[in-house]
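Its first residue numbered 16, the sequence shown is counted upward by one per residue in the numbering used here. All C-beta atoms, glycine included, are put in the ideal place defined by N, C-alpha and C. As structure tokens, the structure follows; a few thoughts come after it.
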Amino acid sequence: MRPSRRAAIATATAAALSAASTPSAAQRHRQVRTGFERLAQDGYSLLDGEKVGIVTNPTGITRDARHIVDVMHGDARVDLRAVFGPEHGFRGTAQAGGSEGRYDDPATGLPVYDTYLKSGRPLADIFTASGVDTVVFDIQDVGARFYTYIWTLYDCMEAAQLAGKRFVVLDRPNPVTGRAALGPVLHKEFATFVGRQPIAQAHGMTVAELARLFNGEFLTEPVPLETVPMSGWNRSDFYDASGLPWVPPSPNMPTPETALVYSGTCLFEGTNLSEGRGTTRPFELLGAEGVDRRWAAAANELALPGVRFREAYFAPTFSKFQGKTIGGVQVHVHDRAAFDPVRTGIALLVTAKTVWSGFAWRPDHWIDKLTGSARVRTMIDAGAGTDEVVAGWQEDLAAFRRMRRKYLHHR
């Protein structure tokens with residue numbers, strides 16, 4: 016790629032990220048009110064007279080760490096009839112790729128229905144059988160296209176439309192800010208549950224903003240939709256500026272720092288390297304048998320903005336290389352405002368393939384589902400460097416950014 020083109024892309028990316036910074040004193044003392052807090056503050060008037068069901072998981076909590084299902088169940092102003100659990104379940108008892116099934120919640124007696132891997136008419140039939148009039152959604156997202164909760168949102172919106180139900184989305188912060196979208200945009204022929212529709216790999220939106228985009232651009236017929244946005248949240252805010260407690264949205268998303276790198280390093284799920292599952296630092300630790308200090312050295316030579324790499328050795332307790340000590344890198348973000356997670360993920364793929372002869376893609380080409388097309392895989396296999404791979408998605412990304420702009424609520 017010509018230096019001028021590389022410089023233009025780097026400048027545009029830096030400008031997109033520059034609004035995000037370490038929280039100021041004003042940010043630290045600003046109180047973010049979630050969509051649920053605003054709904055409750057208004058006496059649940061939006062749900063008045065409705066039989067309500069809610070799609071949620073352990074992240075659906077108040078700032079004093081009570082679950083909103085427990086709060087709403089105990090409030091006579093809400094006629095809460097059902098709970099709908101996503102991947103990992105409503106109470107969070109299941110690992111990746113699992114759910115809790117159909118049961119009655121011991122704490123409230125409410126019926127809990129399983130939505131995981133259900134969509135279309137089968138999911139619409141569940142909403143119909145539950146007897147609810149309005150379906151509410153309140154789950155903490157992490158800002159990456161392949162994190163499945165946003166597609167649970169999409170599938171539930173589509174099913175609610177088919178079932179003739181009203182849909183309400185309660186907003187929560189994007190923990191990695193609402194910066195400009197980053198990374199490749201999904202091509203429709205690669206659509207799966209880790210990407211139903213053509214959005215960017217790091218979408219830079221909140222769940223309420225995504226719901227508006229889904230309704231306006233992708234659903235065949237729009238659902239009667241209402242969103243309850245947050246107050247006190249700015250697009251440049253990282254999660255620690257919110258003052259809200261962090262609950263891991265899934266077992267391998269323990270901290271907001273995990274979310275910061277996830278939209279890039281989750282790409283290692285599509286390789287034969289460990290993405291750090293089974294360690295205390297999933298998606299920050301990456302490695303495999305036979306990888307040594309050369310990988311960290313090669314990655315550091317790129318001088319990627321906001322991040323450094325440390326030679327690391329670890330033994331996953333489950334998933335890839337369970338119980339084996341392997342070598343690799345730990346990702347250390349030192350300037351999160353300058354850090355580009357997707358570019359970093361690509362750079363790590365390129366350098367891993369360069370320094371380790373054992374590098375391989377998963378045989379099912381899962382990397383294509385994660386990146387949204389075959390382009391990243393085939394370009395890296397052909398010897399393309401980081402800059403060339405990143406340049407390959409800029410046209411699609413610019414088009415998505417233009418579309419996305421119409422649906423942004425927060426500034």
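Rank the options by C-alpha distance to the C-alpha of residue i and give the top, closest one.
{"i": "A330", "options": "A352, D355 and G302", "result": "G302"}
{"i": "A55", "options": "Y128, G135, V127 and V243", "result": "V243"}
{"i": "G113", "options": "L125, G124, A122 and D129", "result": "D129"}
{"i": "R211", "options": "A196, T393 and W166", "result": "W166"}
{"i": "A314", "options": "G400, P297 and P264", "result": "G400"}
{"i": "G158", "options": "V47, P121, K335 and D252", "result": "D252"}
{"i": "G293", "options": "A144, G104 and T332", "result": "T332"}
{"i": "L138", "options": "D156, F99 and G107", "result": "F99"}
{"i": "G279", "options": "F354, A91, Y422 and N72", "result": "F354"}
{"i": "G398", "options": "F374, N287 and T369", "result": "T369"}
{"i": "I395", "options": "L364, P378 and G373", "result": "L364"}
{"i": "G321", "options": "Q155, T71 and A352", "result": "A352"}
{"i": "G107", "options": "E65, P269, R420 and G360", "result": "P269"}
{"i": "S372", "options": "I141, L177, L288 and E65", "result": "L288"}
{"i": "F324", "options": "S334, K335 and R308", "result": "R308"}
{"i": "S388", "options": "D350, T149 and H202", "result": "H202"}
{"i": "P260", "options": "P73, R136, G58 and M418", "result": "P73"}
{"i": "N189", "options": "E272, D119, S145 and T235", "result": "E272"}
{"i": "D402", "options": "G360, T207 and P121", "result": "G360"}
{"i": "V86", "options": "L125, T366 and K335", "result": "L125"}
{"i": "L423", "options": "T366, W248 and P266", "result": "W248"}
{"i": "F415", "options": "D156, I214 and V93", "result": "I214"}
{"i": "T163", "options": "F336, V151, S134 and S145", "result": "S134"}
{"i": "F336", "options": "W310, R417 and T286", "result": "T286"}
{"i": "A367", "options": "A311, S334 and Y328", "result": "A311"}
{"i": "P101", "options": "G64, P264 and E241", "result": "P264"}
With which residues is residue i paired in a DSSP beta bridge?
{"i": "D129", "result": "G100"}
{"i": "E326", "result": "V344"}
{"i": "E284", "result": "Paired residue(s): none; E284 is not in a bridge."}
{"i": "K66", "result": "D94"}
{"i": "P297", "result": "L300"}
{"i": "T71", "result": "D153"}
{"i": "R48", "result": "S246"}
{"i": "W14", "result": "Only positions 16 to 426 of the chain appear in the structure, and residue 14 is not among them; the question remains open."}
Assign residue i to one of two classes, buried (16 or more other C-beta atoms within 10 Å of its C-beta) or exposed (fewer than that).
{"i": "A413", "result": "exposed"}
{"i": "T49", "result": "buried"}
{"i": "P239", "result": "exposed"}
{"i": "A109", "result": "buried"}
{"i": "H103", "result": "buried"}
{"i": "H425", "result": "buried"}
{"i": "R81", "result": "exposed"}
{"i": "A91", "result": "exposed"}
{"i": "R358", "result": "buried"}
{"i": "Q42", "result": "For Q42, the pLDDT reaches just 46, beneath the cut-off of 50, and the residue's location in the model is therefore unreliable, leaving the point undetermined."}
{"i": "D79", "result": "exposed"}
{"i": "E410", "result": "exposed"}
{"i": "G58", "result": "exposed"}
{"i": "R419", "result": "buried"}
{"i": "K421", "result": "exposed"}
{"i": "P356", "result": "buried"}
{"i": "T149", "result": "buried"}
{"i": "D427", "result": "Residue 427 is absent from the structure shown; the chain starts at 16 and stops at 426."}
{"i": "P121", "result": "exposed"}
{"i": "P450", "result": "Nothing can be reported for residue 450: it is not among the residues displayed for the chain, which extend from 16 to 426."}
{"i": "E236", "result": "exposed"}
Compare the beta carbon distance of residue i and residue j with 8 Å and say whether it is the shorter of the two.
{"i": "R250", "j": "Q216", "result": "no"}
{"i": "D344", "j": "E326", "result": "Checking the displayed sequence, the identity of residue 344 turns out to be Val instead of Asp. For V344 and E326, yes; Cβs fall inside 8 Å."}
{"i": "A226", "j": "L168", "result": "yes"}
{"i": "F51", "j": "D153", "result": "yes"}
{"i": "V262", "j": "I76", "result": "yes"}
{"i": "V200", "j": "W376", "result": "no"}
{"i": "V306", "j": "G342", "result": "yes"}
{"i": "V191", "j": "L275", "result": "yes"}
{"i": "R96", "j": "V67", "result": "yes"}
{"i": "A195", "j": "G219", "result": "yes"}
{"i": "G193", "j": "Q46", "result": "no"}
{"i": "E290", "j": "P297", "result": "yes"}
{"i": "L319", "j": "T386", "result": "no"}
{"i": "L132", "j": "Q176", "result": "no"}
{"i": "D255", "j": "V222", "result": "no"}
{"i": "A362", "j": "L317", "result": "yes"}
{"i": "T123", "j": "V84", "result": "yes"}
{"i": "S246", "j": "R53", "result": "yes"}
{"i": "V183", "j": "E241", "result": "yes"}
query = Which residue spans inside the stretch 146-202 form an unbroken beta strand (DSSP E) run of at least 3?
reply = The DSSP assignment places complete beta strand (DSSP E) segments of no fewer than 3 residues inside the stretch 146-202 at 149-153, 181-185 and 197-200, in order along the chain.
ask   = Which ranges would you report for the alpha helix (DSSP H) in the stretch 75-120 if only whole runs of at least 4 residues count?
value = Qualifying alpha helix (DSSP H) stretches, in chain order: 83-88.
key: Length-filtered (4 minimum) alpha helix (DSSP H) runs lying within the stretch 200-246   = Counting only runs of 4 or more, we get 222-228.
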